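Protein chains in written order, with our numbering: chain X, 689 to 771; chain U, 1178 to 1383. Here's the structure we're looking at; comments come further down.
Here it is in structure tokens:
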């Protein structure tokens, strides 16, 4: 699922080279941490959170099929972490 | 995909012609997006239309196909898809074993996939993308229309307004179109969100 989230986000943002998806596998849950450039945050979240919700819906459906829970976490302060 | 260029003309037809001449291609191979439309002197003088155009070699559709393949593979779903290109829209038709999952919770996944595909590819392809699965939208349309007729009869009979549950724009459109056929009734959407509630009531002067 990491590849899918990555390709969706890279296509949406202005700075695709700064899209980083980290996958953390737990026993039953996989957390996908998404980091993008600060100015691209709005693009991956979308109007009224629609884009983020659509990605989460896809993750939830994939989770049902694969009997796993996928969580998407959008991490905000990428720039601050860098500096 | 080739480079995009901007063109301006007095009408859309002229702008498209201009762009096609500039690229040296037939008009049907040209993709465009209207940037803005301006009228001078309150529309009394002339209109100016700005378009962004590019020549299409079909590579946009390839991008969409690859993405849908990736989506199905990553989700490990047993689904196939077909693309059907019409003049106004592009339809992605899903079928296969896992169609129930696609339509789970009122077509939630189908809507999510449609939304993402539109965000990613609609501008490049130059038309809207519709996702369909096992005739879900067609059936839903018929079902909503029947429902709207039933509500309309109910409002007519006892004169009380009825409020429908939250609906998405596609569903609301069908309800409004059905209610519009009743001259003495009106329908109104309320809310600021993507999902809104519709109220059906008798017209005040009706």
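All residues carry an ideal CB built from backbone N, CA and C; glycine is no exception. Bear in mind that the values here come from a model prediction, so they are computed numbers and not experimental data.
>> At the level of alpha carbons, what is the spacing between residue 1223 (chain U) and residue 1199 (chain U)?
In response: 23 Å
> Going by other Cβ atoms of all chains shown within 10 Å of its Cβ, with 16 needed for buried, is residue 1329 (chain U) buried or exposed?
Replying inline: buried
> Among all the DSSP beta bridges, which residues are the ones paired with residue 1310 (chain U)?
Replying inline: U:1271
> Going by DSSP, which residues form a beta bridge with residue 695 (chain X)?
Replying inline: None; residue 695 (chain X) has no bridge partner.
> the segment 704 to 717 of chain X: which residues have C-beta closer than 7 Å to a C-beta of chain U, in chain order?
Replying inline: none
> How should residue 696 (chain X) be labelled, buried or exposed, when 16 other C-beta atoms within 10 angstroms of its C-beta is the threshold for buried?
Replying inline: buried
> Which residues in the same chain as residue 721 (chain X) place their Cβ atom closer than 6 Å to its Cβ, once the five residues preceding and following it in sequence are excluded?
Replying inline: 710, 761, 763
>> Classify residue 1333 (chain U): buried if its beta carbon has 16 or more other beta carbons within 10 angstroms, exposed otherwise.
In response: exposed
> Is residue 716 (chain X) helix, strand or coil by DSSP?
Replying inline: coil
> Comparing alpha-carbon positions, which option in U:1192, U:1208, U:1194 lies nearest residue 1121 (chain U)?
Replying inline: This structure leaves residue 1121 (chain U) out entirely; chain U is present only between 1178 and 1383.
>> Closer than 7 Å between beta carbons: that is the criterion. Which residues of the segment 746 to 768 of chain X meet it against chain U?
In response: 746, 749, 750, 752, 753, 754
> Do the segment 1318 to 1329 of chain U and the segment 1344 to 1360 of chain U make contact, defined as three or more Cβ pairs closer than 8 Å?
Replying inline: yes
> Are there three or more Cβ pairs, one per stretch, closer than 8 Å when the segment 752 to 759 of chain X is compared with the segment 697 to 706 of chain X?
Replying inline: no
> Listed in chain order, which residues of the segment 1360 to 1371 of chain U have Cβ atoms closer than 7 Å to some Cβ of chain X?
Replying inline: 1370, 1371
> If you follow the alpha helix (DSSP H) that residue 1347 (chain U) is part of, which residue opens it and which one closes it?
Replying inline: 1346 to 1357
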